[in-house]
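Written below as structure tokens is the structure these notes are about.
Number of protein chains: 2
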Amino acid sequence: MVEFTTLRLEDGVPIYLQIIRHVKAGIAAGTVVDGEELPSRRALSALLGVNPNTIQKAFRLLEEEGWLQSHTGAKSLISATAEQVEALRKNLPDYQARAFVRSMKALGATCADTVALVETLWKEEEPE
Amino acid sequence: MVEFTTLRLEDGVPIYLQIIRHVKAGIAAGTVVDGEELPSRRALSALLGVNPNTIQKAFRLLEEEGWLQSHTGAKSLISATAEQVEALRKNLPDYQARAFVRSMKALGATCADTVALVETLWKEEEPE
DNA sequence: AAAAGTGTACTATGGATATAATACACTTAG
DNA sequence: CTAAGTGTATTATATCCATAGTACACTTTT
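Right, dumping it as structure tokens:
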């Protein structure tokens, strides 16, 4: 069952996008695998305190992108081929890192300062 | 005059927020200083291809936060005390780095991998 | 003084996001 | 089989973002 208890919704970003990214991040990290079961729309709606239509929108878009399969009446399952996973694992971190580097350069930071900051925060942030 | 020619608008983030962040980043980087002149609402509207009301919203919020001063009929000027700048220079990079570290952890990346990726992209990205 | 430029305000419209409330067909568990 | 759970669809409402057009007072330039 795909976990959503670790998903903390932040405002400023559309909820349905945060749900989509959470699923993709799980697939890229390997904690979510092909064939795995997803919570129902209604259950996830209750868990996150979000309207069922918002969950449906996220799941519908994920299905259109080929990351899950749904059949009326049955539970939805993750769908991820090896090629899909590999592409995701390759592109997702790269994309995020590029945006980060760009923003840090805009702030006038140096490469060394940025790396030091990342290393410091990496250890500092919640040891799980 | 505060420069906006380097601002490349991306979609998915409200335009008025991108304008606000661009100004703040400039102040934090030291390329935008106290008393500096801003382009008029109409001029910046034409430059970015954005509605004047959107520019006005960004400038109004910046003024409410104390980053600029406007007087009807006259041009708007940057307002940034030493304390404001120092706080910005301290908090902005930290905030962005935290979000980055969190997202990279969600993708299952290691600290070493992340640092290596940042260093690689830092050199790669546009040498201006 | 006149004209141009600037800040500011207002109304109206359209699209995206999110909520609310139903409704129905299908699958699964009892 | 029956009931509960599930996916799916629909209509309506509210808010935010952005655009469009207009208007007016003030400042600066000419």
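Protein sequence lines correspond, in order, to chains A and B.
For the record, in the first sequence the residue sitting at position 105 is 127 according to our numbering, with numbers rising by one throughout.
For the record, in the second sequence the residue sitting at position 118 is 140 according to our numbering, with numbers rising by one throughout.
Backbone N, C-alpha and C define an ideal beta-carbon position, used for all residues, glycine too.
Only a predicted model underlies this, so the values are computations on that prediction, with no experimental measurement involved.
By Cβ distance, which residues of its chain are closer than 6 angstroms to residue i, with the 5 residues on each side in sequence left out?
i              : result
M126 (chain A) : T136
G60 (chain A)  : One detail in the question is off: residue 60 (chain A) reads as Leu in this sequence, not Gly. V24 and S98, listed in sequence order.
Is there a Cβ of chain B sitting closer than 8 angstroms to that of residue i, yes or no?
i              : result
G130 (chain A) : yes
V123 (chain A) : yes
W144 (chain A) : yes
Q118 (chain A) : yes
G61 (chain A)  : In the sequence under discussion, the amino acid at residue 61 (chain A) is Pro, which differs from the Gly named in the question. So, not an interface residue.
A51 (chain A)  : yes
P115 (chain A) : yes
E58 (chain A)  : no
V45 (chain A)  : no
E25 (chain A)  : no
Under 8 angstroms between C-beta atoms, does residue i make it to chain A?
i              : result
Q106 (chain B) : no
T136 (chain B) : yes
V72 (chain B)  : no
V140 (chain B) : yes
With distance defined between alpha-carbon atoms, name the residue in the options nearest to residue i.
i              : options                           : result
Y38 (chain A)  : A:T94, A:A102 and A:N73           : A:N73
T94 (chain B)  : B:A68, B:R30 and B:R82            : B:R82
T103 (chain A) : A:L114, A:G34, A:V55 and A:P36    : A:V55
S17 (chain A)  : A:T132, A:F26, A:G88 and A:I49    : Here chain A comprises residues numbered 23 to 150, so residue 17 (chain A) is not present and cannot be evaluated.
E87 (chain A)  : A:A96, A:I100, A:T76 and A:N75    : A:I100
R64 (chain B)  : B:G57, B:E58 and B:N75            : B:N75
E80 (chain B)  : B:P36, B:T142 and B:I49           : It is Ala, not Glu, that sits at residue 80 (chain B) in the sequence shown. It is B:P36.
G57 (chain A)  : A:A51, A:A128, A:G48 and A:L90    : A:L90
A47 (chain B)  : B:P115, B:E85 and B:I77           : B:P115
L129 (chain A) : B:L66, B:L110, B:E141 and B:K145  : B:L110
E141 (chain B) : A:D33, A:V123 and A:E85           : A:V123
A138 (chain B) : A:A119, A:D33 and A:S92           : A:A119
G52 (chain B)  : A:A131, A:L143, A:E146 and A:K145 : A:A131
I20 (chain B)  : B:L66, B:A96, B:K112 and B:I77    : Because chain B in this structure spans residues 23 to 150, residue 20 (chain B) falls outside the shown range and cannot be described.
W144 (chain A) : B:V107, B:A134 and B:E146         : B:A134
I77 (chain A)  : A:S67, A:Y117 and A:D33           : A:S67
Under the DSSP definition of a beta bridge, which residues are partnered with residue i?
i             : result
I77 (chain A) : DSSP lists no partner for I77 (chain A).
E59 (chain B) : B:L99
Q91 (chain B) : B:L99
Residues in the same chain with beta-carbon distance under 8 angstroms from residue i, minus the five sequence neighbours each way, listed in chain order, please.
i              : result
L29 (chain A)  : Q40, I41, H44 and L70
E105 (chain B) : none
Going along the chain, which residues of its own chain have a beta-carbon closer than 7 angstroms to the beta-carbon of residue i, five neighbours each way excluded?
i             : result
L31 (chain A) : I37, Q40 and L70
L84 (chain B) : I42, V45 and L90
Subject >> Contacting positions in the segment 28-41 of chain A - beta carbon closer than 7 angstroms to chain B >> reply: none
Subject >> Near-chain A residues of the segment 78-89 of chain B (beta-carbon distance less than 9 angstroms), N- to C-terminal order >> reply: none
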